[in-house]
Amino acid sequence: MKKELKFKVNGEDYDLWVEPKTLLVQVLRDELGLKGTKWACDSGACCACTVMVDGRAVKSCSILALQVNGKEVMTVEGLANGPELHPLQQAFIDNWAFQCGFCTSGQLMAAKALLDENPDPTIDEIKIAMDGHLCRCTGYNMISEAIQDAAKRLQAQKQQEGGK
Amino acid sequence: MSEYSVIGKPIKNVDGVAKVTGEAVYAFDMTLPNMLYGKLLRSPHPHAKIISIDTTEAQKLPGVKAIITGKDTPGGKWGLWRRYPELCDQTALATEKVRYIGEPVAAVAATSIDIAERALDLIQVEYEPLPAVFDPLEAIKDDAPLVHEDFENNINATRHIEWGNVDEAFKAADYIREDRFTLSSQHHAPMEVHNALASYDKGTGRLTVWASTQSPYFLQLGLADALKMREGDIRVIKPHVGGGFGGKNSTMPESVNAALLSKKTGRPVKIVYNREEEFIATEHRTAMNLAIKIGLKKDGTILAKEVKIITDGGAYTGLGATTLYLAGTFITFPYKTPNYRYDGFRTYTNTMWSSSMRGFGAVSTVYAAETQLDRAAHDLGIDPLEIRRRNAMTPGYEAPGQYKVESCGILECIDKMKERVKEKWPKLEKDEGIGFATFAYMSGGIFNWIDTPYAFSGAMVKVNIDGTVDLFTQASDIGQGSNTVAAMICAEVLGIDVEDIRLHLGDTAITLTDLGAWGSRETLMNGNAIKAAAEEVKKKLISVARMKLGENIVYDLVVKNKRIYLELRPERGFSYYDIVRDAIKENDGEPLIGIGHYTPHNKGMISPAYGMGIQAVRAKVDRETGHIELRDVIVVHDCGQTINPLGARGQVEGSTQMGLGFGLCEEILMDNGLIINPSFVDYKLIRFRDMPPIELIDVPTYDPEGPFGAKEAAEATASPGAAALANAVYHAVGAEFDTNVLRPEKVLKAIREKEKKDRAGK
Amino acid sequence: MANYRCPCCRKITSDTMDLARHFLGQTDRKHKDWLKTKGLSYAQLIRWQGTEFGNKGYKALAELLEKEAPRVE
Amino acid sequence: MKTILNDFEHFAPKTVEEALDLLSRYGEEECKIVAGGQSLLILMKQRLVTPKYLIDIKGISALDYITFDEQQGLKIGALTTHRAIEKSPVIEKYYPVLAEMEQNVSSVETRNWGTIGGNISHGDPSGDPAPVFIALNGRLRIAGLNGERTVEAEDFTLGYFETVLGHDELLTEIQVPALPPHTGVKYTKFSQLQGDYATASVAVSITLEAKKKTCSDVRIALGAVAPAPMRAKKAEEILRGEKISDDLLARAGQAASEEASPTTDAEVSEEYKRELVKVLVKRVAKEAFERAKKA
């Protein structure tokens, strides 16, 4: 029996009816067409499906859609500001921090959650925050570097805004 | 070096924006209107006769639109070794018998994945279990069960390589040692699982398939053979691919069955494997039993090598026969081996079959050869780097009748490594060790087992009136960055920017044939095709410019920075845009098109060029628990002229991760043909915290066969990790291994054995 | 110089060792059956050649072919 | 393994009472509680569990808290996330071992959604929190329709994925007494790769007498080496009342290794797990001792 799900995704309100067995990742991809969020392991062990719920990085494959009732979800599609890429996205491009790109959306969301909480993380802090994320293409190092690079960019941005 | 405008510059990934915004579309993400979802029913037995399949109950489930079994297929067999029909052994669905746990026996199409999965539970299959064989050494025995009745002793392929006089050379050797290894399999574990979406048009009898594949052309051929259709009636489109690593070369049951179900229902059908299916029912690295004998002079010079390999092929051929071939070659690299004998046999067993995987043929053999060389060096009292140096190949080195190595920077790589290690790691902690291993790999294979009459790579360049370029080629970017390399090569030739080029790739209907992304072939082979196509256009532009400049032109014309000008008098020239417009106008409006292709000729049996180098791993061993901590890695490599240093580094990093995984933790655990760790929880991959930093040092050379001197850039670096790691452990605590995955328990056992040996020695 | 012809197919070569390599490379039944009639086991040859050093399998096979293979001019 | 979960009816009670009431309505076989669901949803995909009714307690906000005072000690609501424990200033100050432990529980993503109560109720013998709470002399508060009860943390798990929780009961709170003076606690899990499940884990709490020479009390808890997390009481006896020395620690390690009852699995043998217990107990107890001296 379907139940009502009211939540916010990337700033937009949604009011849907879903089967209780529906996972958050299924609602995002299949109902809302937000296919940037991937689904890769079926066992909650790769974090490719990571999105932010109320500002925290979580695995959308391991959460029932109904559990985010009333909450705010952010996916990779909500990261850029219109045509302007988020500094994390630009840093990922500039540092070649992805190859096939399949795990990238999840990584970006985890990195965003990390930088929101800790604007100046050390490489070790980045590694701890990202350790759930499997990437088969890179050796992870260039991702860590990109996240540090993004942190610097965000700080510079903040300073500039503060200076205005 | 800096004569290039684009080549050798750190160019950002041309797919970057799509991939960081979530807009990049993978086959995994695709749907079509009216689409059905397919699922495959898989065998729970490693070897069994199929007595009957009853689909009655499943048919009744609302939402089920079609169910097929082996009887409903056209019965076409396929494989990649198309030149040898007996090795084309794959089928869409098993009919007479199943040969591995996970082999599909029926396929369902339904209106949702949920219904398709539930329908599988309702299909009744009666099996009569047969005796099964899992061990390659058992498989060749006369009384072993036969996996394929026509292949006695389960021998699927054989390979013999010999040069020099091996027996005489061993007699002349001062030092001989024999070692035996059992080298395990490894899973590709791409983040995007195998999946395919097939849409059959009943009106035209044509099929379109979108798939997660490394080679649209191979898939087109496989589908044609499987479905008994004309190649030209099948269009394969490769969207973005979420990783392949050698696991997406073969045409696999998901695409064939999606096509069959689409044909039957008249609706698009999509089949997506889940992660468990990906582990149990897609190809993986070839496991092998390997014996290696080496004869050396006192000073460490290699006189002779003899190598024996029996591989665990699994139930079908895949690219496993190629693995056998390459293993016999790359175990000699990058050393001068004057006398060499190799015998390789690939066996059929009742397991999911093994095939190509990143560095195939090299990864396992490098482990054996490079750990053996370290032990020999130790016995002879020679420094591990020095013994490698003494035997290193030099430019132009030839293995009689097998291969010739043109550009070759291995000596410089070893020397650079020596220098850097001394500087970077001057002192080691207790129980810390440094291990080295060299590596080399091909820049695309020369062999034509696929039996194509086409050129190995083709490309077409179309220059539009505004100077923008449409580049058509079938080269497959599966994450390795070949799209960026393709655009860079084209941009360099035409003197324009990467941003001016629009790529049309991986669609068999609109692009020229390319054999796809395997064996590090895209940069050299496809690069050559693109370069040739772009140069054809360039020639047309130059001839127009030459005419406009008037007669008596003695200077060479250069196309660069969006201008066409005299090399020695740069001020005399024209804008690229003007010349493009003139060229089109002057030729009655005919579009400016260049076509290029590449097939290697007279380049030996293996490859036109070889990338190579050396890796060092620093690791610390916990003597009480056997735990290994990876601390640091240095890679020094020669990839000819680097096309894109950013992408090359990315590839080296990724290859290293996979190579270290092969040495440290990646293990497919099997119990009577059943893979018991088919998930990312139980199959251990190196993650962020366990990945050491990697320093990459480039030793540039120029390979005459490669575009701008480029050759293989990173696949080779998948092979040294495990060996370098084992050597580091050997140097830290003296423990020796004859297998590759150094789980703590194994390491502790080896340490204890070493301690026992030392005590007995005293 | 006398050449040897494979007893099971049309391969002709001047060297029995070469012929032995050809022979073991064939995975069809014809070649294996012939071996059986001569009292040599294909499995045994592979075990020798695939796990032991010194070319034992080929040597045994070459010796047999030296005796049994038809000669052609 | 299936891609899609089985069908079930979903309830989202807002209070413990509502949840207990729902539990009592449905039979044990057909009804399951889900909190963070980080383990349960996978079991459901594997069809190892196929509930007809799922009681989703994630929304019971009253069970999400961390409190501390010197008398009462630490109280953690069962629906507190791992991440909240990891980041709690109170825990950082008074029980840093808990924060250390949490940092190695799976991934940040799991810790952000998974709850401490869900983890413990799952009864996984290789779970990280249980041995630490046992070493900390923790107690677990359980609510049922007929009232409440508390059990010692060490008595909570009975065997593989089996706990003392009755079908109609709910774990509501974890209680940890304030640490006695001169107490040091350390937890280490051994796994080949960081953040992975434990091959073996050890938590040790050592209390020294006033002069900081003799061990007045000690608790040693082992994880992943028996059907349930367990105390190594013989090892504790070796240390209790004694002056700590390397030799004594080694003997305690040996005793613990004999007390453990690991089994050989696909990856690791029983003998190796015993070896690990021996080494880990020695090392972890030593660190706990060092911490106690500084405490």
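Protein chains in written order, with the numbering used here: chain A, 1 to 164; chain B, 1 to 762; chain C, 1 to 73; chain D, 1 to 295.
C-beta atoms are modelled at their ideal positions from N, C-alpha and C, and glycine is treated no differently.
- Here V20 (chain B) is not near M488 (chain B), since their CB atoms are 8 Å or more apart.
- In this structure Q99 (chain A) is buried. Its beta-carbon is surrounded by 16 or more other beta-carbon atoms within 10 angstroms.
- For the pair H167 (chain D) and I174 (chain D), the Cα-to-Cα distance works out to about 19 Å.
- Taking one beta carbon from each stretch, the stretch 432 to 439 of chain B and the stretch 642 to 650 of chain B have fewer than 3 pairs nearer than 8 Å; the two do not touch.
- Here DSSP, grouped into helix, strand and coil, assigns D578 (chain B) to helix.
- Take P704 (chain B), set aside five residues on each side of it, and the residues of its chain with a beta-carbon closer than 8 Å to its own are E406 and S407, in chain order.
- A contact between stretches requires three or more CB pairs, one per stretch, nearer than 8 Å, and the stretch 734 to 742 of chain B fails this requirement with the stretch 252 to 268 of chain D.
- The beta-carbon distance between T122 (chain A) and A65 (chain A), rounded to whole angstroms, is 36 Å. This is too long to meet the 8 Å contact definition.
- Comparing C-alpha distances from C490 (chain B) to each of B:V17, B:P253, B:F472 and B:W449 shows the shortest one belongs to B:F472.
- Taking CB atoms only, I115 (chain B) has no neighbour in chain A less than 8 Å away.
- Legend: CB atoms of the stretch 37 to 57 of chain A lying less than 9 Å from CB atoms of chain B belong to residues T37, K38, W39, A40, C41, D42, S43, G44, A45, C46 and A48.
- Cβ contact annotation for I542 (chain B) (same chain, cutoff 8 Å, sequence separation greater than five): L557, V559 and I564, in chain order.
- A735 (chain B) counts as buried, since no fewer than 16 other beta carbons sit within 10 angstroms of its beta carbon.
- Listed along the chain, the chain B residues whose CB falls inside 7 Å of the CB of I46 (chain C) are I140, N153, I155 and F345.
- Contact between the stretch 339 to 348 of chain B and the stretch 37 to 54 of chain C is present, with at least three C-beta pairs closer than 8 Å.
- Secondary structure of D477 (chain B) (DSSP, three-state): coil.
- If you compare the alpha carbons of B:T111, B:R206 and B:L93 with that of E231 (chain B), the shortest gap goes to B:R206.
- Secondary structure of F68 (chain D) (DSSP, three-state): strand.
- Taking a beta-carbon distance threshold of 8 Å, V284 (chain D) does not count as an interface residue toward chain A.
- In its chain, beyond the 5 residues on either side, R180 and K308 have a beta carbon closer than 6 Å to the beta carbon of A291 (chain B).
- Secondary structure at W518 (chain B): coil, using DSSP grouped into helix, strand and coil.
- Counted as a single uninterrupted DSSP element, the stretch harbouring L380 (chain B) is not any beta strand (DSSP E) but the alpha helix (DSSP H) occupying residues V363 to L380.
- When the beta-carbon positions are compared, A78 (chain D) and E86 (chain D) stay at least 8 Å from each other.
- Between Y26 (chain D) and V97 (chain D), the gap from beta carbon to beta carbon reaches 8 Å or more.
- Remark: C-beta atoms of A259 (chain B) and V209 (chain B) approach each other more closely than 8 Å.
- Under the three-pair Cβ rule at 8 Å, the stretch 453 to 465 of chain B does not count as touching the stretch 747 to 760 of chain B.
- P104 (chain B) is a Cβ neighbour of L41 (chain B), given a cutoff of 8 Å.
- Excluding the 5 residues flanking it on each side, G709 (chain B) has same chain C-beta neighbours closer than 7 Å at G640, Q641, Y702 and D703, in chain order.
- One thing to note: E236 (chain D) has its Cβ within 8 Å of the Cβ of I220 (chain D).
- The beta-bridge partner set that DSSP reports for V51 (chain A) consists of A:V58.
- Proximity to I675 (chain B) across B:G320, B:E283 and B:I155 peaks at B:E283, based on C-alpha coordinates.
- The Cβ of A266 (chain D) sits closer than 8 Å to at least one Cβ of chain B.
- At a Cβ-Cβ threshold of 8 Å, Y37 (chain B) and S112 (chain B) count as neighbours.
- Between the stretch 38 to 56 of chain A and the stretch 104 to 113 of chain D there are three or more inter-stretch CB-CB distances shorter than 8 Å, so the stretches are counted as touching.
- Cβ neighbours of T599 (chain B) within its own chain (closer than 6 Å, five residues either side excluded): A455 and F456.
- Residue-level contact by beta carbon fails for H82 (chain D) and chain A, as no gap is shorter than 8 Å.
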